[in-house]
Structures are given as structure tokens and as C-alpha cells.
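Take a look at the structure set out below.
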Amino acid sequence: MKLDGKVAIITGGGSGIGRATSLLFSKEGAKVVISDINEESGASVQKEIQELGHEAIFVKTDVSKADDIKALIDRTISRFGRIDILYNNAGIPQEFKLIEDIDENFVDRIIDVNIKGPFLGSKYAVPIMKEQKNGVILFTSSMTGVRPMPGTNLYATTKGAEVTMAKALAIELAPYNIRVNALCPVAVDSPMLPSFITNKDKEAGKKELMNKFPLGRLVTPEEVASAALYLASDESQMITGTALQLDGGRGI
193 MKLDGKVAII TGGGSGIGRA TSLLFSKEGA KVVISDINEE SGASVQKEIQ
243 ELGHEAIFVK TDVSKADDIK ALIDRTISRF GRIDILYNNA GIPQEFKLIE
293 DIDENFVDRI IDVNIKGPFL GSKYAVPIMK EQKNGVILFT SSMTGVRPMP
343 GTNLYATTKG AEVTMAKALA IELAPYNIRV NALCPVAVDS PMLPSFITNK
393 DKEAGKKELM NKFPLGRLVT PEEVASAALY LASDESQMIT GTALQLDGGR
443 GI
């Protein structure tokens, strides 16, 4: 097992990429802390993991609130005594809109979740990892953070910030044997997908979106989870500061 005995916090762990990663990490031997703002979905993933015979806890968390993140870290340490992996996965999407059509209140919300959230997670997990002299921090960014598309302006900005945060922390934390990387998938077949489809006919819009990628399909949550597993495992000990593109060829 690639994560035998490791302790992993996964924010946004109740659905999509977070759910797939929680299940895969637990299968690979990790003790998983599922963090999600949605209590029902988070508890459901916890139950699913436990029914498979693995160890997991759920902590309801609004990643934009420092007190919630502190409680998440404290609960993890109280239960498992360490943090080996922090996966800053929680995020919110943006409907395809021109910049002049975006509501100012939404600006604050997406920055709070997509930038402040991973900042807070890292801020409060890093001291633990420094004491351990090892750790892995991952970010779910996006291909829009590397190569934006029209109408993704604000979302792309937040996801680009996550790539930069990963690179900056990789340099800062390398002396402590803490590796930091970002994952940059194209459109993921997850509950967030409809937000990225402008066509009122969602199935037709889905096909239009897939046609933008040379491989002609969407990324699955399980594929992102597999990439996260590689970056979290000892198999990638020489990889830090990378933005791994799961792009179906879009970046070519």
C-alpha cells in the first residue's frame, strides 16, 4: 500500500475529486480526515470508507474560516497525532461570464474559498509538518489557472493563484522536507461541471466542451485522485513545485 500508516486531510472530501481521493487514499492505507462544508455528503463518505474496513473521520469545515481550519487541524492531531498529507481540494466554480457581468459579492466569496481556504489550511498544517520534518501539501488548481478560457476570468485568477502558492511554498518548505504540488485538471466530470457549461442543453454543452480537448473527453474524479496519490506517495519524493496538468492535450 502506497500510503500505509499516513494521515491525510482532504478538504472538499464529500464529493467529486475529494470523494474519489478519500476512497483511494484509504484503500492505499491512509487514515483519512474528510473535511467538507456539507455535513451529509462528508458523513456519507466517512461511512463508505468505514464500511470498507478503513479508518476515517469527518470534520465539518468552512475552509474560509480560520477557526474551522484550526478545529480541523486540532481534531486530526487529537485523533491521529500527526499530519502527513494536506490536500487543499475544496473550491467553488464560476459560471462562464464576462468580467463586467460578475457580481462584486461573488468576488469576495470565490477568493475566500479558492485562495484564502488553501492558505489557511497550509498555514495551520505547516507547523505540524515542520516538527515532523516531512509532509506533503497538494492543491487542486485547474487548467484554467495555467491556460484560461474566455469567461473563466475570476475562477482562472484564483486557480492561477493556487499554482503560484504551491510553487512559493515548495521553495519555502523544501528545507523541512515538505513537498508541495498542484494538480491542474481540465473539466472534471463532477457535480461542479454544469457551472462550466453555457449551453442550456447540458448534454450538448458537455459534448462541445469535450471537443475542445485533443483526447476528446472529460477527466474523471478517479483520474485526478490517482495523480494525487502519486504526488502524495514516496514514489514522487523528488517532485515539488510542480503543476501537474491532467489536460487531455489541451495544453499542447
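The sequence shown runs 193 to 444 under the numbering used here.
Note that CB positions come from ideal geometry on N, CA and C, so glycine has one too.
N- and C-terminal bounds of the alpha helix (DSSP H) containing residue i
| i | result |
| --- | --- |
| tyrosine 347 | 345–365 |
| arginine 271 | 258–272 |
| isoleucine 303 | 296–303 |
| arginine 211 | 208–219 |
Three-state secondary structure (DSSP) of residue i
| i | result |
| --- | --- |
| alanine 419 | helix |
| lysine 198 | coil |
| glutamine 238 | helix |
| serine 334 | coil |
| isoleucine 203 | In the sequence as displayed, the identity of residue 203 is threonine instead of isoleucine. Threonine 203: strand per DSSP, three-state reduction. |
| phenylalanine 288 | coil |
| arginine 371 | strand |
| lysine 404 | coil |
Nearest candidate by alpha-carbon position, reference residue i, set the options
| i | options | result |
| --- | --- | --- |
| isoleucine 284 | Ser334, Ile241, Glu232 | Ser334 |
| glycine 205 | Met193, Val199, Ser233 | Ser233 |
| methionine 357 | Gly337, Thr344, Asn345 | Gly337 |
| arginine 301 | Arg274, Ile261, Thr350, Ser207 | Thr350 |
| leucine 330 | Val318, Glu323, Arg339, Glu400 | Val318 |
| glycine 208 | Phe405, Met341, Thr332, Ile363 | Thr332 |
| glycine 441 | Leu407, Ser425, Pro413 | Leu407 |
Bridge-paired residues (DSSP) for residue i
| i | result |
| --- | --- |
| serine 314 | Serine 314 is not bridged to any residue. |
| glutamine 437 | Cys376 |
| alanine 248 | Val224 |
| isoleucine 329 | Leu278, Val372 |
| valine 411 | Val380 |
Check whether residue i and residue j have beta carbons under 9 Å apart
| i | j | result |
| --- | --- | --- |
| alanine 435 | valine 378 | no |
| arginine 371 | valine 328 | yes |
| serine 218 | alanine 263 | no |
| valine 411 | threonine 213 | no |
| serine 382 | valine 305 | no |
| glycine 313 | asparagine 280 | yes |
| isoleucine 275 | isoleucine 201 | yes |
| proline 340 | alanine 348 | yes |
| valine 199 | glycine 273 | yes |
Bounding residues of the beta strand (DSSP E) (the contiguous stretch that carries residue i)
| i | result |
| --- | --- |
| isoleucine 226 | 223–228 |
Near the ligand MN: residue i beta-carbon under 8 Å from a heavy atom
| i | result |
| --- | --- |
| methionine 335 | Within the structure as shown, the ligand MN is missing, as the structure has no ligands at all. |
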